[in-house]
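Enquirer:
Residue numbers (this note's numbering), protein chains in the order written: chain E, 1340 to 1470; chain W, 184 to 523.
Okay, here's the thing in structure tokens:
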């Protein structure tokens, strides 16, 4: 990459941060330049964020209809999925899967709730609320 | 009980923040600069032979396979430690209170301390860049009240982080859990001549890219990925297919910060070697690797546009680009091996 190919326009995603990138000047020497965010990188990150947002919205709708739990909504909202949540809490996956249902969530003991709260960085009140 | 510390040296100059392309190589390079040893980020990366490629279908991240463009976390730290005979000390903690106490103790002695942490719980990260990746590296170089002074090598300037947030980020559970890992240079750094180490480091990297007898690692991993791309279920599950190709790019650009999956970083290392070893052939090869890196970027751009739906999904195109990259990389490492 040449210095004049480095994007100058700061991408909103980076919130004003600049990234260091390695570029080659016309004499073939490497330098570090500051990039406002590469198109490819920004696009795929936005898509990954959007994927979690879609899952979260879907889970929220189902939770409102009583088909799922707020836990599922918060899991996706905080960009986790089942294996990530299971490893972050130390629960077996099949147990997490059960806790994600409305019934399973309602039956969680305070100590179990505590583990979810810890892993997600929420308070119990936040975890039990949708939105 | 933590081991006793070597006698603290006289007060050093204030810690200088240095921005870098990658977190781990940036942290170790900054720590070395602080000790008065100006080893660049690229040199740390190359010296530890950290350029790689791995496609491991069995290990999943958000339902997608593991794809990496460099060696595993801590490879750079450990590689630099052993090559430069650094008195670099690693400490893990079971309890977060112990971890905090020890970090505070070291900071109060005026030492900059490297930390492993999760990205998600660091509030100074832009909201949309925060994902659950637990092997991020950063430096704490002081504390004021309930805040730590942080030098995160992937950002332009030093920043601050509240105690509670840093604690949470250091003690998350799950894959690659940091367990409060801290590391710092403990004691005087021996004088080591880098020049004779370079040849071995380059050879080792060539070996890993060319000859590791596993289909998932090195150039054969790129070919395996190319074949997988062609077989993606574009008709049956379009969303998965799109996410898969986006994922290839994300691992290249984001977790593998620096663009082009570290190829530019390694090319910068080869350029330093060309000067140190007085070997003009390495300068030529550095530029050749830059060309390969540019091709990775081109691949990334196509894949990203297909991921977003700006470009029609064309799996044979991506397959062809990856096969071409694999062939070029194989030829490149063979030449590199002969050049040193």
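Note that the Cβ used here is the ideal one computed from N, Cα and C, for glycine as well.
So, helix, strand or coil for residue 242(W), using DSSP?
Expert: Looking at residue 242(W) - three-state DSSP - the assignment turns out to be strand.
Enquirer: Counting Cβ pairs closer than 8 Å, one from the stretch 342-357 of chain W and one from the stretch 295-305 of chain W, do we hit at least three?
Expert: Yes, the stretch 342-357 of chain W is in contact with the stretch 295-305 of chain W.
Enquirer: Should the stretch 463-483 of chain W be called in touch with the stretch 365-379 of chain W, which here means at least 3 C-beta pairs below 8 Å?
Expert: Result no; under three Cβ-Cβ pairs closer than 8 Å.
Enquirer: Going by DSSP, what residue range makes up the beta strand (DSSP E) through residue 273(W)?
Expert: First-last of the beta strand (DSSP E) with residue 273(W): 271-274.
Enquirer: Using a Cβ-Cβ cut-off of less than 8 Å, give me the residues of the stretch 1344-1360 of chain E that come near chain W, in sequence order.
Expert: So the close ones are 1352, 1353, 1354, 1356, 1357, 1358, 1359 and 1360.
Enquirer: How many angstroms separate the CA atom of residue 252(W) from the CA atom of residue 205(W)?
Expert: Straight-line Cα distance between these residues: approximately 12 Å.
Enquirer: Taking the runs of the alpha helix (DSSP H) that are 4 residues or longer, which of them lie wholly in the stretch 354-393 of chain W?
Expert: 378-393, all fully within the stretch 354-393 of chain W.
Enquirer: Give every residue of the same chain whose Cβ lies closer than 7 Å to the Cβ of residue 406(W), excluding the five residues on either side of it in the sequence, and list them in chain order.
Expert: For residue 406(W), where only same-chain residues beyond five positions count, the Cβ hits under 7 Å are 506 and 509.
Enquirer: Can you tell me which of the three DSSP states residue 307(W) falls into?
Expert: Note: residue 307(W) maps to coil in three-state DSSP.
Enquirer: Is it true that the stretch 234-246 of chain W meets the stretch 385-399 of chain W, where meeting means three or more beta-carbon pairs spaced less than 8 Å apart?
Expert: These segments touch.
Enquirer: Consult DSSP for residue 319(W) and reduce its assignment to one of helix, strand or coil.
Expert: Here residue 319(W) sits in strand by DSSP.
Enquirer: Cutting at 7 Å between CB atoms, please list the residues of its own chain near residue 329(W), excluding the five before and the five after it.
Expert: Answer for residue 329(W): 345 and 346, listed in chain order.
Enquirer: Residue 430(W) CB to nearest chain E CB: under 9 Å?
Expert: Closer than 9 Å to some Cβ of chain E, the Cβ of residue 430(W) qualifies, so yes.
Enquirer: Just checking my contact of residue 1387(E) with residue 203(W) at CB under 8 Å: how many whole Å lie between their CB atoms?
Expert: 24 Å between Cβ atoms; not a contact.
Enquirer: Bridge partners for residue 1358(E) per DSSP, in chain order?
Expert: In the DSSP output, where bridge partners are listed per residue, residue 1358(E) has 1374(E).
Enquirer: Quick check: the Cα distance between residue 250(W) and residue 1398(E), rounded to an integer number of angstroms?
Expert: Taking the straight line from one Cα to the other gives about 28 Å.
Enquirer: Name the residue from 279(W), 348(W), 262(W) and 318(W) whose alpha carbon lies nearest to the alpha carbon of residue 1460(E).
Expert: Residue 348(W) is the option with its Cα nearest to residue 1460(E).
Enquirer: Could you confirm whether any beta carbon from chain E is found closer than 9 Å to the beta carbon of residue 476(W)?
Expert: Residue 476(W) counts as touching chain E.
Enquirer: Quick check: what's the CA-CA separation for residue 1435(E) versus residue 519(W)?
Expert: So the alpha carbons of these two residues sit roughly 50 Å apart.
Enquirer: Check the Cβ-Cβ distances between residue 1390(E) and every residue of chain W, and say whether any is below 9 Å.
Expert: Yes, its Cβ sits closer than 9 Å to a Cβ of chain W.
Enquirer: Please report the residue range of the alpha helix (DSSP H) in which residue 428(W) lies.
Expert: Unbroken alpha helix (DSSP H) run through residue 428(W): 421-433.
Enquirer: If you measure beta-carbon to beta-carbon, which residues of the stretch 454-468 of chain W are closer than 8 Å to chain E?
Expert: Listed by position along the chain: 454 and 466.
Enquirer: Just the C-alpha distance for residue 240(W) and residue 326(W), rounded to the nearest angstrom, thanks.
Expert: Distance between the alpha carbons of residue 240(W) and residue 326(W): 43 Å.
Enquirer: Taking residue 448(W) and residue 228(W) to be in contact with their CB atoms under 8 Å, please state how far apart those CB atoms are, rounded to whole angstroms.
Expert: Confirmed, about 5 Å.
Enquirer: Ends of the beta strand (DSSP E) at residue 331(W)?
Expert: 330-334 is the span of the beta strand (DSSP E), which, as asked, contains residue 331(W).
Enquirer: Give the C-beta separation of residue 260(W) and residue 366(W) to the nearest angstrom, bearing in mind that I take them to be a contact with Cβ-Cβ under 8 Å.
Expert: Right, their Cβ atoms sit about 7 Å apart.
Enquirer: Just tell me which of 445(W), 243(W), 421(W) and 463(W) has its CA closest to the CA of residue 495(W).
Expert: For the residues 445(W), 243(W), 421(W) and 463(W), the minimum Cα distance to residue 495(W) belongs to 421(W).
Enquirer: Give a yes or no on contact between the stretch 314-324 of chain W and the stretch 1364-1375 of chain E, applying the rule of three or more CB pairs nearer than 8 Å.
Expert: The stretch 314-324 of chain W is not in contact with the stretch 1364-1375 of chain E.
Enquirer: Kindly confirm or deny that the stretch 1376-1386 of chain E and the stretch 485-505 of chain W touch, where touching means at least three C-beta pairs closer than 8 Å.
Expert: Counting Cβ pairs under 8 Å, three or more are found: they touch.
Enquirer: Report the three-state DSSP secondary structure of residue 416(W) (helix, strand or coil).
Expert: Coil, per DSSP.
Enquirer: For a contact defined as C-beta to C-beta under 8 Å, what are the partners of residue 1375(E) on chain W?
Expert: Within 8 Å Cβ-Cβ: nothing; residue 1375(E) doesn't reach chain W, min ~11 Å.
Enquirer: Consult DSSP for residue 1351(E) and reduce its assignment to one of helix, strand or coil.
Expert: Three-state result, residue 1351(E): helix.
Enquirer: Can you give me the C-alpha to C-alpha distance between residue 1344(E) and residue 287(W), rounded to a whole angstrom?
Expert: Their backbone Cα atoms lie some 43 Å apart in a straight line.
Enquirer: List the residues of chain W that residue 1458(E) touches, going by C-beta distances under 9 Å, in chain order.
Expert: 355, 356 and 357, listed in chain order.
Enquirer: Helix, strand or coil: how does DSSP classify residue 1430(E) here?
Expert: Note: residue 1430(E) maps to coil in three-state DSSP.
Enquirer: When burial is assigned at 16 or more other CB atoms within 10 Å of the CB, is residue 1463(E) buried or exposed?
Expert: It counts as exposed.
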